[in-house]
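Visitor: In the order they appear, the protein sequences are chains H and Z. Going by the working numbering, the first sequence opens with residue 50, and the numbers climb by one from there. Going by the working numbering, the second sequence opens with residue 50, and the numbers climb by one from there. Before I ask anything, let me first share the structure, which is written out below as structure tokens.
There are 2 protein chains.
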Amino acid sequence: MRTVRTVAELRALLLPDRRAGRRIGLVPTMGALHDGHLSLLRRAAAETEVVVLSLFVNPTQFDEASDLAAYPRDEAADAALAEHAGCTVLFAPSVHEVYPDGFCTIVTVDGPLTGTLEGAHRGAEHFQGVATVVTKLLNMVGPDVAFFGQKDAQQALVIRRLVRDLDIPARIEVCPTVREADGLARSSRNVRLHGEDRDRALALRAALRAAEDAVAGGERDAAAVRDAARAAMTPFSVDPEYLAVVDPDTLVPRTAIDGDTLVAVAARVGEVRLIDNTLIPSPR
Amino acid sequence: MRTVRTVAELRALLLPDRRAGRRIGLVPTMGALHDGHLSLLRRAAAETEVVVLSLFVNPTQFDEASDLAAYPRDEAADAALAEHAGCTVLFAPSVHEVYPDGFCTIVTVDGPLTGTLEGAHRGAEHFQGVATVVTKLLNMVGPDVAFFGQKDAQQALVIRRLVRDLDIPARIEVCPTVREADGLARSSRNVRLHGEDRDRALALRAALRAAEDAVAGGERDAAAVRDAARAAMTPFSVDPEYLAVVDPDTLVPRTAIDGDTLVAVAARVGEVRLIDNTLIPSPR
Numbered sequence: 050m051r052t053v054r055t056v057a058e059l060r061a062l063l064l065p066d067r068r069a070g071r072r073i074g075l076v077p078t079m080g081a082l083h084d085g086h087l088s089l090l091r092r093a094a095a096e097t098e099v100v101v102l103s104l105f106v107n108p109t110q111f112d113e114a115s116d117l118a119a120y121p122r123d124e125a126a127d128a129a130l131a132e133h134a135g136c137t138v139l140f141a142p143s144v145h146e147v148y149p150d151g152f153c154t155i156v157t158v159d160g161p162l163t164g165t166l167e168g169a170h171r172g173a174e175h176f177q178g179v180a181t182v183v184t185k186l187l188n189m190v191g192p193d194v195a196f197f198g199q200k201d202a203q204q205a206l207v208i209r210r211l212v213r214d215l216d217i218p219a220r221i222e223v224c225p226t227v228r229e230a231d232g233l234a235r236s237s238r239n240v241r242l243h244g245e246d247r248d249r250a251l252a253l254r255a256a257l258r259a260a261e262d263a264v265a266g267g268e269r270d271a272a273a274v275r276d277a278a279r280a281a282m283t284p285f286s287v288d289p290e291y292l293a294v295v296d297p298d299t300l301v302p303r304t305a306i307d308g309d310t311l312v313a314v315a316a317r318v319g320e321v322r323l324i325d326n327t328l329i330p331s332p333r
Numbered sequence: 050m051r052t053v054r055t056v057a058e059l060r061a062l063l064l065p066d067r068r069a070g071r072r073i074g075l076v077p078t079m080g081a082l083h084d085g086h087l088s089l090l091r092r093a094a095a096e097t098e099v100v101v102l103s104l105f106v107n108p109t110q111f112d113e114a115s116d117l118a119a120y121p122r123d124e125a126a127d128a129a130l131a132e133h134a135g136c137t138v139l140f141a142p143s144v145h146e147v148y149p150d151g152f153c154t155i156v157t158v159d160g161p162l163t164g165t166l167e168g169a170h171r172g173a174e175h176f177q178g179v180a181t182v183v184t185k186l187l188n189m190v191g192p193d194v195a196f197f198g199q200k201d202a203q204q205a206l207v208i209r210r211l212v213r214d215l216d217i218p219a220r221i222e223v224c225p226t227v228r229e230a231d232g233l234a235r236s237s238r239n240v241r242l243h244g245e246d247r248d249r250a251l252a253l254r255a256a257l258r259a260a261e262d263a264v265a266g267g268e269r270d271a272a273a274v275r276d277a278a279r280a281a282m283t284p285f286s287v288d289p290e291y292l293a294v295v296d297p298d299t300l301v302p303r304t305a306i307d308g309d310t311l312v313a314v315a316a317r318v319g320e321v322r323l324i325d326n327t328l329i330p331s332p333r
């Protein structure tokens with residue numbers, strides 16, 4: 050595995066692969082790698098010959114300075130994990146390399162995809178930050194395929210949309226959420242869950258399971274599904290920031306469960322804000 | 050010369066060239082080709098092996114519906130001129146191909162580069178429209194070099210900025226303004242100048258020449274240079290929409306002529322809005 054820190058080095062390193070027609074995969078991350086990231090890397094290694102992992106804690110997508118400051122960073126540990134999972138190029142640019150002096154361009158995915166859920170709660174800047182940095186990373190690397198996790202379902206939709214809208218010549222592949230044994234979705238923020246908060250964090254998965262069970266049990270009213278999900282969080286003393294039953298492509302709220310349905314939840318557990326979701330196939 | 054109308058066709062056509070390492074040039078136009086465009090094509094043909102001309106009247110960069118409706122369109126004539134000037138691929142997509150249903154992504158170059166001159170007079174949407182469509186065209190074609198005219202000096206700065214900021218792997222080359230024998234800058238809108246308006250249109254070039262002459266004559270006060278330029282327009286009964294003496298890289302107004310200086314002018318002549326500019330080298 051090679052580690053590079055500038056766009057110029059990265060392009061020079063990838064040029065022979067590109068010329069030779071070798072397929073390039075990109076796994077964009079903010080580091081603090083966990084099994085979710087490693088599953089993306091393994092998928093990339095299975096599908097492409099050159100696997101680039103980008104490691105960049107993007108300041109523009111954090112709406113809280115404390116969250117940015119607390120975001121875990123350990124490049125040496127990440128590099129070892131990444132190499133073991135099949136990464137061939139680690140791209141770890143500085144903030145100045147990504148946002149040089151005078152930087153002033155913003156990519157905005159407008160409309161309902163970004164105005165709801167995470168966009169409504171973290172502010173419009175969050176997805177502008179995500180859209181801009183992902184556009185940049187895709188242009189820096191020029192991958193054939195880029196891999197994202199279903200855990201950030203809304204982010205994946207936003208990225209698919211901008212890639213289509215800006216004609217970026219990369220395919221976006223969204224991979225299943227990886228969970229701990231007890232069902233907690235893997236997240237870099239999980240290391241910040243201590244003591245009983247680690248147990249309380251199971252409230253999110255409990256809500257999603259309750260929604261799945263309600264639909265499996267024949268419930269077709271979206272409000273009732275939502276109520277069942279919400280009730281499942283009560284024993285954990287966790288209140289959702291949002292708990293939404295929506296169309297998985299448009300994020301428009303469902304009234305009836307009459308097609309594939311995304312149930313998405315966000316909640317603060319102690320100091321840590323967590324999100325999770327489940328995709329319930331159409332019961333028809 | 051091949052004509053293609055979809056991104057998929059375009060990419061399939063260019064793939065063998067790209068794989069073979071042949072250099073690809075792009076000249077983005079809104080059609081109604083004139084000698085200015087043809088000079089860009091000839092430059093592209095001299096520098097690259099595959100010359101793509103895009104022909105797309107981009108609705109999102111027009112701030113006036115009447116200007117969009119009146120914009121001259123003649124694809125057959127354009128195709129003949131383009132082929133003769135060295136174009137090898139004519140890319141003429143439909144509006145729906147460029148902006149399919151659900152399109153909702155906007156590229157914004159923020160700050161002083163877009164807040165002044167054309168941006169101040171045509172509204173923020175103008176350069177958002179330009180930045181978005183140019184990002185798309187660069188991603189559709191994937192050129193090694195893209196060629197733009199110095200006549201649209203501010204547009205060229207905005208495009209250089211977004212290409213750098215979004216890490217688009219293309220070089221931007223800005224080529225000199227081509228003029229009629231009497232000095233009028235070539236523009237697709239010139240065909241709409243009739244009768245005495247064609248003569249009155251020389252007011253813009255007269256203003257720029259007066260500015261050049263003032264600096265050549267030793268004037269170093271920017272306000273005095275501007276006044277001299279403005280006075281030169283009076284005999285034509287043409288008022289400038291703006292007439293600005295600015296830093297050519299930042300567009301910040303100059304107070305003294307103590308470096309390279311851009312003098313830029315916009316004026317409405319009859320029904321037609323015209324722009325022009327001159328780059329005056331530092332007198333030091």
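Just so it is clear, CB atoms sit at the ideal spot from N, CA and C, and this is done for glycine as well.
To the nearest angstrom, how far is it from the Cα of P108(H) to the Cα of R317(H)?
Guide: Near 21 Å, if we compare the C-alpha coordinates of R317(H) and P108(H).
Visitor: Using DSSP with H/G/I as helix, E/B as strand and the rest coil, what is S88(H)?
Guide: In this structure, S88(H) counts as helix in the three-state DSSP scheme.
Visitor: How would you write the range of the beta strand (DSSP E) that E290(Z) sits in, first residue to last?
Guide: Segment P289 to V295, the beta strand (DSSP E) holding E290(Z).
Visitor: To the nearest angstrom, how far is it from the Cα of C153(Z) to the Cα of A118(Z)?
Guide: When rounded, the distance between both Cα atoms is 23 Å.
Visitor: Using a Cβ-Cβ cut-off of 8 Å, state whether V194(Z) counts as contacting chain H.
Guide: Chain H, which has no Cβ nearer than 8 Å to the Cβ of V194(Z), makes this no.
Visitor: Looking at R275(Z) and I306(Z), is the spacing between their C-beta atoms short of 8 Å?
Guide: Against a cut-off of 8 Å, the Cβ pair of R275(Z) and I306(Z) comes out as no contact.
Visitor: If you reduce the DSSP assignment to three classes, tell me which class G160(Z) lands in.
Guide: Correct three-state label for G160(Z): coil.
Visitor: For chain Z, find out if any of its Cβ atoms is closer than 8 Å to the Cβ of M79(H); answer yes or no.
Guide: With 8 Å as the cut-off, M79(H) does not count as an interface residue toward chain Z.
Visitor: Over what stretch of residues does the alpha helix (DSSP H) that includes N188(H) continue unbroken?
Guide: A173 to V190 is the extent of the alpha helix (DSSP H) around N188(H).
Visitor: Residues of chain Z with a CB under 7 Å from the CB of C136(H): which are they?
Guide: The contacting residues do not exist; C136(H) stays about 21 Å from chain Z at best.
Visitor: Please list, in chain order, the residues of the stretch 200-211 of chain H that have any C-beta partner in chain Z closer than 8 Å.
Guide: If the cut-off is 8 Å between Cβ atoms, the stretch 200-211 of chain H has R210 and L211 near chain Z.
Visitor: Could you tell me the alpha carbon to alpha carbon distance between I217(H) and G232(H), rounded to whole angstroms?
Guide: Their Cα atoms are separated by approximately 35 Å.
Visitor: Confirm, please, whether the CB-CB distance from V321(Z) to R241(Z) is below 8 Å.
Guide: The answer is yes: Cβ separation under 8 Å.
Visitor: If V207(H) and A180(H) are in contact, beta carbons under 8 Å, what's the gap, nearest whole angstrom?
Guide: About 6 Å; that satisfies the 8 Å criterion.
Visitor: Please state whether DSSP places A316(H) in a helix, a strand or coil.
Guide: Correct three-state label for A316(H): strand.
Visitor: Among D127(Z), L186(Z) and S115(Z), which residue has its Cα nearest to the Cα of E146(Z)?
Guide: The candidate whose alpha carbon is nearest that of E146(Z) is L186(Z).
Visitor: Name, in chain order, the residues that DSSP records as bridge partners for E222(H).
Guide: Looking at the DSSP assignment, E222(H) forms a beta bridge with F196(H).
Visitor: Out of Y120(Z), R122(Z), F140(Z) and F111(Z), point me to the one whose CA is closest to L102(Z)'s CA.
Guide: Of the listed residues, the one whose Cα sits closest to L102(Z) is F140(Z).
Visitor: For the alpha helix (DSSP H) holding I208(H), just list the boundary residues, first then last.
Guide: Note, I208(H): alpha helix (DSSP H), A202 to D214.
Visitor: Could you give the first and the last residue of the continuous alpha helix (DSSP H) run that contains R60(Z)?
Guide: Taken as a continuous stretch (DSSP letters only), the alpha helix (DSSP H) holding R60(Z) covers V56 to R68.
Visitor: Assuming L166(Z) and A313(Z) form a contact by the criterion Cβ under 8 Å, report the distance between their Cβ atoms to the nearest whole angstrom.
Guide: Sure, about 6 Å apart at Cβ, within 8 Å.
Visitor: Could you tell me whether the Cβ of I73(Z) comes closer than 8 Å to any Cβ of chain H?
Guide: False, the Cβ-Cβ gap to chain H never drops below 8 Å.
Visitor: Between which two residues does the alpha helix (DSSP H) harbouring L75(H) extend?
Guide: Careful: L75(H) lies outside any alpha helix (DSSP H), inside the beta strand (DSSP E) at I73 to T78.
Visitor: In whole angstroms, what separates the C-alpha of A159(H) from that of P149(Z)?
Guide: Inspection of the sequence shows that residue 159(H) is occupied by Asp rather than by Ala. Approximately 15 Å between the Cα atoms of the pair.
Visitor: Flag this pair as yes or no: are the beta carbons of V99(H) and L130(H) separated by less than 8 Å?
Guide: In this structure, L130(H) does not lie closer than 8 Å to V99(H) by Cβ.
Visitor: What residues of chain H sit near N188(Z), judged by a beta carbon separation below 7 Å?
Guide: Correct list: L215, D216, I217 and P218.
Visitor: Are the CB atoms of D201(Z) and L253(Z) nearer to each other than 8 Å?
Guide: No, they are not a contact pair.
Visitor: Could you tell me whether any Cβ in chain Z is nearer than 8 Å to the Cβ of T154(H)?
Guide: Judged by the 8 Å Cβ criterion, T154(H) is in contact with chain Z.
Visitor: How should T55(Z) be labelled, buried or exposed, when 16 other C-beta atoms within 10 angstroms of its C-beta is the threshold for buried?
Guide: T55(Z) comes out exposed.
Visitor: When the Cα atoms are used, what is the spatial distance from F111(Z) to R279(Z)?
Guide: Taking the straight line from one Cα to the other gives about 27 Å.
Visitor: Just the Cα atoms here: how many angstroms apart are E245(H) and A273(H)?
Guide: Using only the alpha carbons, I get a separation of about 29 Å.
Visitor: Figure out for me which residue from V227(Z), F196(Z) and A81(Z) has the closest Cα to the Cα of V183(Z).
Guide: Among V227(Z), F196(Z) and A81(Z), the Cα nearest to that of V183(Z) belongs to F196(Z).
Visitor: Enumerate, from N- to C-terminal direction, the unbroken alpha helix (DSSP H) stretches of 4 or more residues contained entirely within the stretch 120-150 of chain H.
Guide: Entirely contained in the stretch 120-150 of chain H, the alpha helix (DSSP H) runs reaching 4 residues are, in chain order, 124-133 and 144-147.
Visitor: Whose C-beta lies closer than 6 Å to the C-beta of S331(H) among residues of the same chain, with five residues either side of it excluded?
Guide: Here the set comprises G308 and D309.
Visitor: Compute the Euclidean distance between the alpha carbons of V301(Z) and V223(H), then round it to the nearest angstrom.
Guide: Spanning the two alpha carbons is a distance of roughly 45 Å.
Visitor: Skipping 5 residues on each side, what residues in its chain have a beta carbon closer than 7 Å to that of L292(H)?
Guide: So the qualifying residues of the chain are A256, R275, A278, R279 and V314.
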